[in-house]
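Trainee:
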Amino acid sequence: MNATLKSHIRMQSRLNFIINLVLNGAIAWFLLKDKPALSAWGEHGYGADLMITGFLLASLVALFAIKGHRSKLAKGQHEAVPPAELGALARVATGNDWSNSLLFGLAGALLGAGTVGMLMLLPLPPFSPPAYAVFKGVWAGILAALVIPPAIKLGLRAA
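Quick note on numbering: the sequence shown equals residues 1 to 159 in the working numbering.
#1: Find the nearest neighbour of residue 37 within the set 88, 53, 58, 130, judged by alpha-carbon distance.
#2: Per the contact definition of three or more C-beta pairs closer than 8 Å, is the segment 30 to 49 in contact with the segment 92 to 108?
#3: So, at 6 Å on beta carbons, what are the nonlocal neighbours of residue 89 in its own chain, with the 5 sequence-adjacent residues on each side left out?
#4: Take residue 16 and list the residues in its own chain whose beta-carbon comes closer than 7 Å to its own, dropping the five residues that flank it on each side.
#5: By DSSP's criteria, residue 127 is part of a beta bridge. Which residues make up the other side?
#6: From the DSSP output, which residues share a beta bridge with residue 205?
#7: Can you name, in chain order, every residue of its own chain whose Cβ lies under 8 Å from the Cβ of residue 136, other than the five neighbours on each side?
#8: Taking CB distances under 9 Å as the criterion, tell me whether residue 130 reaches chain B.
#9: Measure the beta-carbon distance from residue 155 to residue 65 and round it to whole angstroms, keeping in mind my assumption that it falls under 8 Å.
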């Protein structure tokens, strides 16, 4: 992988972190600002929200990055990434762009479930809506930043 592509991937990861931090934090705030404190599960729980967000965010970010970079590859704006540089990703993501994005979505949902499990193990009080909005924004930003590098590489993989 050349230095230009590495720089592009870093920039896209940072950009996606910021965009998803702001959007997901703002959405959480507007939807929950009048709600009581949120626990992991129950009527006012965040567990399902993190799992659904993980699935949707990871699959959509991956789909847009894969499709967008496949188009850039076809236009000659980026060089193809050889299969050897994809590592295990080359063996796992062998389907079309849609099925590959669903794999990212599954990983995102599992990360959401793991996050909820970890939070349940910690002796934390329920989240206030503003605290959850900040937490969710940062969590979504990190998830998007993690999805971008492999998704870009899949979009640029050699045929």
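Don't be surprised by glycine CBs; every beta carbon is placed ideally from N, CA and C.
Mentor: Straight from the coordinates:
#1: Translated into positions along the sequence shown, residue 37 becomes position 37. Of the listed residues, the one whose Cα sits closest to residue 37 is 130.
#2: Taking 8 Å as the limit for Cβ pairs, the verdict is that the segment 30 to 49 does not touch the segment 92 to 108.
#3: Working through the sequence shown from its first residue, we reach residue 89 at position 89. Only 150 meet the Cβ criterion.
#4: Locating residue 16 in the sequence shown gives position 16, where the first residue counts as 1. Contacts found: 61, 144, 145, 148.
#5: Numbered from 1 along the sequence shown, position 127 holds the residue referred to as residue 127. DSSP output for residue 127 lists 38 as bridge partner(s).
#6: Nothing about residue 205 can be read from this structure; the chain reaches only from 1 to 159.
#7: Mapped onto the sequence shown, residue 136 falls at position 136. Sequence-distant Cβ neighbours of residue 136 in its own chain, meaning closer than 8 Å and more than five residues away, are 24, 25, 28, 46, 49, 50, 53.
#8: Here chain B cannot be found, since the structure has a single protein chain.
#9: As a first step, residue 155 is located in the sequence shown; it is residue number 155 there, counting from the start. As a first step, residue 65 is located in the sequence shown; it is residue number 65 there, counting from the start. Right, their Cβ atoms sit about 6 Å apart.
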